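Colleague: Quick one: the structure is below, questions incoming.
In the numbering used here, the protein residues as written are -9 to 282.
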């Protein structure tokens, strides 16, 4: 069985599309769990009335991405877990194709398909990697799909928008803060989980035959990004989490050797980041003398 977990917050329009794509899957042994973070737009009623086969968990407050996904994982009955953003839709063979990849190697703990934007031609992710500046890098991000990433291969990790994982792997890499680190709340939680997977000797795999579509930023109200920094236009409180979690992820997972080897790239990014914040968001810097 595959347990699909969708965390939702006030986006019932996207949620319906995502649930509809799950109903169309050719792989049928699926349970679907929606964890609703206290939505006020009628999302829970939409699930309850329109999708009676779905297990609904209703929270009384917004628990953010990590805690809500951990709730779903604890309730999941499947041997495999698909954490799916509500702004993602799957092609009908996505799960069927992705599941084939686990047969290649018993140490494959997570799988990603080719994730495209809603225009079906722009790449959103073909695997997650650690940049030399220690930012999360979605391979192929924003590029037109020309077939460059049509080969199946091992990758560092998988985008948090569509993570298909072995429950056995999740149990192995779980730490004191959960499967997803609940102290992160949201942002960089997928890179942290993938980094832990690598350190534990598990592997991640990319299968381009599994195709999904992602409306990038729809659930976090990200309108666009600022130049090479790719710092999203989101509320200041969320921006603080975004920046804080980069440091948390490095502190938790990186090695001293890794930091030293990549120090020029890390420092160059730090200079650009803090100059941008000082010039455009001085209030944010003043209120966040320590990102922790």
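Even glycine gets a Cβ: it sits at the ideal position worked out from N, Cα and C. This one's a predicted model, so the numbers in the text were calculated from it and none came from an experiment.
#1: Just the Cα atoms here: how many angstroms apart are residue 44 and residue 177?
#2: So, residue 148 versus residue 100, is the Cβ gap smaller than 9 angstroms?
#3: Where DSSP assigns a beta bridge to residue 20, which residues make up the other side?
#4: CA-CA distance, residue 22 and residue 16?
#5: Sorted by chain position, which residues of the same chain lie with C-beta nearer than 8 angstroms to residue 142's C-beta, five sequence neighbours on each side aside?
#6: With a threshold of 6 angstroms on Cβ separation, who are the neighbours of residue 86 within its own chain once the five nearest residues in sequence on each side are excluded?
#7: Looking at residue -7: is its Cβ nearer than 9 angstroms to the Cβ of residue 68?
#8: Please report how far the alpha carbon of residue 264 lies from the alpha carbon of residue 116, in whole angstroms.
#9: Inspect the beta-carbon positions of residue 162 and residue 174 and report whether they are closer than 9 angstroms.
#10: In chain order, what residues of the same chain lie with their CB nearer than 7 angstroms to the CB of residue 82, ignoring the 5 residues before and after it?
#11: So, for residue 167: in the same chain, excluding its five sequence neighbours on each side, which residues have a beta-carbon less than 6 angstroms away from its beta-carbon?
#12: Could you work out which residue in 136, 202, 138 and 133 is closest to residue 150 when comparing CA atoms only?
#13: Work out the CA separation of residue 180 and residue 120 for me, nearest whole Å.
#14: How big is the Cα-Cα spacing for residue 104 and residue 113?
#15: Taking contact to mean 3 or more Cβ pairs, one atom from each stretch, closer than 8 angstroms, check whether the stretch 123 to 137 and the stretch 40 to 55 are in contact.
#16: Return the CA-CA distance between residue 39 and residue 188, expressed in angstroms with no decimal places.
#17: Shortest alpha-carbon distance to residue 191 belongs to which of 159, 165 and 170?
#18: Which residues does DSSP list as the beta-bridge partners of residue 116?
#19: Would you identify the three-state DSSP class for residue 143, choosing helix, strand or coil?
#20: Tell me the rounded alpha-carbon separation between residue 61 and residue 144.
#21: Here's the rule: buried if 16 or more other CB atoms are within 10 angstroms of the residue's CB, otherwise exposed. What is residue 30?
#22: Measure the C-alpha to C-alpha separation of residue 216 and residue 19 and round it to an integer number of angstroms.
#23: Whole angstroms is fine: what's the gap from residue 96's alpha carbon to residue 156's?
#24: From residue 25 to residue 154, what distance separates their C-alpha atoms?
#25: Do you know how far the Cα of residue 8 is from the Cα of residue 1?
#26: Which partner residues of residue 47 appear in the DSSP bridge assignment?
Modeller: Looking at the atomic coordinates:
#1: Counting from 1 along the chain shown, the entry for residue 44 is found at position 54. Counting from 1 along the chain shown, the entry for residue 177 is found at position 187. Rounded to the nearest angstrom, the two C-alpha atoms are 26 angstroms apart.
#2: For this step, residue 148 is matched to residue 158 along the chain shown. For this step, residue 100 is matched to residue 110 along the chain shown. For residue 148 and residue 100, yes; Cβs fall inside 9 angstroms.
#3: Here residue 20 is taken as the residue at index 30 of the chain shown, counted from 1. According to DSSP, which records beta bridges pairwise, residue 20 is partnered with -8.
#4: Here residue 22 refers to the residue found at position 32 of the chain shown. Here residue 16 refers to the residue found at position 26 of the chain shown. It is roughly 15 angstroms from the alpha-carbon of residue 22 to the alpha-carbon of residue 16.
#5: To locate residue 142, count along the chain shown from 1; it is residue 152. For residue 142, where only same-chain residues beyond five positions count, the Cβ hits under 8 angstroms are 91, 195, 196, 197, 198 and 199.
#6: Position 96 of the chain shown, counting from 1, holds the residue named residue 86. Closer than 6 angstroms at the Cβ level, and outside the excluded window around residue 86, lie 16 and 17.
#7: On the chain shown, residue -7 is found 3 positions in, with the first residue counted as 1. On the chain shown, residue 68 is found 78 positions in, with the first residue counted as 1. Yes. Within cutoff.
#8: Position 274 of the chain shown, counting from 1, holds the residue named residue 264. Position 126 of the chain shown, counting from 1, holds the residue named residue 116. The straight-line gap from Cα to Cα measures roughly 30 angstroms.
#9: Here residue 162 refers to the residue found at position 172 when the chain shown is read from its first residue. Here residue 174 refers to the residue found at position 184 when the chain shown is read from its first residue. Not in contact: residue 162 and residue 174 (Cβ atoms no closer than 9 angstroms).
#10: Along the chain shown, read from residue 1 onward, the residue named residue 82 stands at position 92. Within the same chain, residue 82 has close Cβ partners 14, 15 and 16.
#11: In the chain shown, residue 167 corresponds to position 177, counting from 1. If we look at residue 167 and ignore the five residues flanking it on each side, its Cβ neighbours are 173.
#12: To locate residue 150, count along the chain shown from 1; it is residue 160. Of the candidates 136, 202, 138 and 133, the one whose C-alpha sits nearest the C-alpha of residue 150 is 202.
#13: Counting from 1 along the chain shown, the entry for residue 120 is found at position 130. Counting from 1 along the chain shown, the entry for residue 180 is found at position 190. Answer to the nearest angstrom: the Cα atoms are 11 angstroms apart.
#14: Here the question's residue 104 lines up with position 114 in the chain shown. Here the question's residue 113 lines up with position 123 in the chain shown. Distance between the alpha carbons of residue 104 and residue 113: 8 angstroms.
#15: no
#16: Taking the chain shown and counting its residues from 1, the one referred to as residue 39 is at position 49. Taking the chain shown and counting its residues from 1, the one referred to as residue 188 is at position 198. So the alpha carbons of these two residues sit roughly 41 angstroms apart.
#17: Counting from 1 along the chain shown, the entry for residue 191 is found at position 201. Of all alpha-carbon atoms in 159, 165 and 170, the one lying nearest the alpha-carbon of residue 191 is that of 159.
#18: Taking the chain shown and counting its residues from 1, one reaches residue 116 at position 126. According to DSSP, which records beta bridges pairwise, residue 116 is partnered with nothing at all.
#19: Stepping through the chain shown from its first residue, residue 143 is reached at position 153. Residue 143: strand per DSSP, three-state reduction.
#20: As a position in the chain shown, residue 61 is number 71, starting the count at 1. As a position in the chain shown, residue 144 is number 154, starting the count at 1. Whole-angstrom Cα-Cα distance: 29 angstroms.
#21: On the chain shown, residue 30 is found 40 positions in, with the first residue counted as 1. Around the C-beta of residue 30, fewer than 16 other C-beta atoms lie within 10 Å, and the residue is accordingly described as exposed.
#22: The residue you call residue 216 lines up with position 226 of the chain shown. The residue you call residue 19 lines up with position 29 of the chain shown. Interpretation of residue 216 is limited by its pLDDT of 47, a score under 50 that renders its predicted location unreliable; the figure taken from the coordinates is listed afterwards. C-alpha separation (whole angstroms): 42 angstroms.
#23: Within the chain shown, residue 96 is the residue found at index 106, counting from 1. Within the chain shown, residue 156 is the residue found at index 166, counting from 1. Cα to Cα, the separation comes out at about 10 angstroms.
#24: In the chain shown, residue 25 corresponds to position 35, counting from 1. In the chain shown, residue 154 corresponds to position 164, counting from 1. C-alpha separation (whole angstroms): 17 angstroms.
#25: Here residue 1 refers to the residue found at position 11 of the chain shown. Here residue 8 refers to the residue found at position 18 of the chain shown. Their Cα atoms are separated by approximately 11 angstroms.
#26: Within the chain shown, residue 47 is the residue found at index 57, counting from 1. Residue 47 is bridged to 25.
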